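Enquirer: Here you go, one structure.
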Amino acid sequence: MPSATSSPPTSKTSNTFSEPDSKTTRKGNLSRLFWVIYSAMVFSTSMAIRGIQRKTASLKLGSISIRMHAFDIVESEIRSRLIPLLSSFSFVVAVSEFSEAFDLASKLSAQRGLPPSSLIWKAKSVLNLGSEKKLKQAIKMVDEFAQCMIKQRRVMGFSDKHDLLSRFMGTIDDDKYLRDIVVSFLLAGRDTVASGLTSFFWLLSRHPKVESYIRYELEKVMSLSSLSTDEDQQSVTFDQMREMHFLHAALCESLRLFPPVQIDSKFVQNEDGLPDCTFVKKGTRVTYHPYAMGRMERVWGSDCLEFNPERWLRNGRYIPENPYKYPVFQAGLRVCLGKEMALVEMKCVVLAIISRFNIRVTNPYQGPRFAPGLTATVRGGLPVIVQQRGV
């Protein structure tokens, strides 16, 4: 594992670690897309994004306008779906076939890396047997969903829309390429956010003082003495949310301890060496472990295993860490393009829930146990008790 305390690599080294050679991947192959896409978190595969497209995507994802659009969409979903669900007596929710297929494809893709040799899953794929047969069926359903989404958007028109797919459709005509973009965004942004929120609420349940201070910070930015029961007053604005430094620090601290992608890797594009002088030849897979790096005492200090949002604050303001020390969103050329959008989404959900409900984990002293997969999914889910505040 590369040293977590090493200095950021030079531009030469930053360009050295990349995705597998393009000869090993083919545009339009969703099976390879599912397997490769997470090795670069967002859009690092040769078939899904290249040079100028990545720069364009970065500009769009990092802009205030797209973050505000994401904020509006998430707020709408929270009001129309999440809050009514949490306020109801029953949590029986229909699971779509697409959602089940997507989860299965992610799970089976990750399991390809478990056997000692890739020949095992490759043989099963050629013979169309077992898990590889199920994977092909799941991927076919995901493919059909993505293609249907693109066709519907073309029929409805996209020139006046502000979502990401519409923005790409304004400059790209290749439906297979657009399909790859849709799947890439779903892979990178769907389960990772859910994983991050699950761990965060488990930590809040164990640290009620942190939860109380987030509520206090919310009251402060909204200039209220107490949280109102009026729905309009309870909804924080995008600008108000940006002023909540403690909330941002608490989320970063949670992601340090429980990164959604716990292990990641890159391939060496040219012969090079690590900062400790370890030689790596072209084509070598270099793997690093964000979960372990976030818990290293020599990196984070003697309290590295403690949930301490204050470590991110200086005089009450959030101060980011070196991304090579905190690789949750990667760094350099391979930095996660959806970082800001993911944080906006997580903040919206956290504020909407804790301002209205008390969420208590049924067994907060039993740490999360994660199931094998592309993301850190809690095995069996996280059982909680939901109680409306003030009742």
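All letters in the sequence shown, in the order written, are residues 1 to 391 by full-length UniProt numbering. By construction, the Cβ of each residue, glycine as well, lies at the ideal position given by its N, Cα and C atoms. Quantities reported herein were computed from a predicted structural model and do not represent experimental measurements.
1) Is the distance from the Cβ of Pro327 to the Cβ of Pro290 below 7 angstroms?
2) Go ahead and label Met156 buried or exposed: buried means 16 or more other beta carbons lie within 10 angstroms of its beta carbon, across all protein chains shown.
3) Which whole-angstrom value describes the C-beta separation of Val384 and Arg360, a residue pair presumed to lie in contact below a C-beta threshold of 8 angstroms?
4) Pick from Ser106, Cys336 and Asp173: whose alpha carbon is nearest that of Met141?
5) According to the Cβ coordinates, are Phe168 and Ile181 closer than 7 angstroms?
6) So the beta strand (DSSP E) Val361 belongs to, where does it begin and stop?
7) Taking Cβ positions only, does Glu211 come closer than 7 angstroms to chain C?
8) Beta-carbon within less than 6 angstroms of Thr287's beta-carbon, same chain only, minus the 5 sequence neighbours each way: which residues are those?
9) In terms of residues, what are the limits of the alpha helix (DSSP H) holding Ile150?
10) Could you spell out the range, first to last residue, of the alpha helix (DSSP H) harbouring Asp191?
11) Roughly how many whole angstroms lie between the Cα atoms of Gly338 and Phe329?
12) Per DSSP, Leu313 forms a beta bridge with which residues?
13) In the DSSP assignment, the beta strand (DSSP E) including Asp264 goes from what residue to what residue?
14) Could you check whether the stretch 311-320 touches the stretch 234-253, counting it as contact only if at least three pairs of C-beta atoms, one from each stretch, sit closer than 8 angstroms?
15) Where does Asp173 fall in DSSP's three states?
16) Which class does Phe168 belong to by DSSP, given the choice of helix, strand or coil?
17) What distance in whole Å lies between the Cβ atoms of Phe267 and Leu203, which are believed to be in contact at a cut-off of 8 angstroms?
18) For residue 392, count neighbouring Cβ atoms within 10 angstroms of its own Cβ and tell me buried if that reaches 16, exposed if not.
19) Does DSSP put Pro98 in a helix, in a strand, or in coil?
20) Work out the CA separation of Leu119 and Val126 for me, nearest whole Å.
21) Using alpha carbons as the reference points, say which of Lys176, His248, Met241 and Arg153 lies closest to Gly196.
22) Compute the beta-carbon to beta-carbon distance between Leu104 and Lys134, rounded to the nearest angstrom, for a pair I have assumed lies under 8 angstroms.
Expert: Straight from the coordinates:
1) Going by C-beta atoms, Pro327 is nearer than 7 angstroms to Pro290.
2) Met156 counts as exposed, since fewer than 16 other C-beta atoms from the protein chains shown sit within 10 angstroms of its C-beta.
3) Confirmed, about 6 angstroms.
4) The shortest C-alpha to C-alpha distance from Met141 to any of Ser106, Cys336 and Asp173 is the one to Ser106.
5) With a cutoff of 7 angstroms on beta-carbon distance, Phe168 and Ile181 are scored as near each other.
6) From DSSP, the beta strand (DSSP E) with Val361 extends over Phe357 to Val361.
7) Note that chain C does not occur in the displayed structure, where there is just one protein chain.
8) So the qualifying residues of the chain are Ser265.
9) First-last of the alpha helix (DSSP H) with Ile150: Gly130 to Met156.
10) DSSP places Asp191 in the uninterrupted alpha helix (DSSP H) bounded by Asp191 to Arg206.
11) So the two alpha carbons sit approximately 9 angstroms from each other.
12) The beta-bridge partner set that DSSP reports for Leu313 consists of Tyr318.
13) Segment Asp264 to Val268, the beta strand (DSSP E) holding Asp264.
14) Contact between the stretch 311-320 and the stretch 234-253 is present, because at least three Cβ pairs lie under 8 angstroms.
15) Coil at Asp173, not helix or strand.
16) The answer is helix: DSSP assigns Phe168 an H, G or I state.
17) In fact, because the Cβ distance is near 34 angstroms, the residues do not count as touching under 8 angstroms.
18) Residue 392 lies beyond the residue range present for the chain, which begins at 1 and ends at 391; the question has no answer from this structure.
19) Here residue 98 is Phe; the residue named in the question, Pro, does not match the sequence. DSSP places Phe98 within a helical segment (H, G or I) once states are collapsed to three.
20) Rounded to the nearest angstrom, the two C-alpha atoms are 10 angstroms apart.
21) The shortest C-alpha separation from Gly196 is found at His248.
22) Contact holds; Cβ gap of about 7 angstroms.
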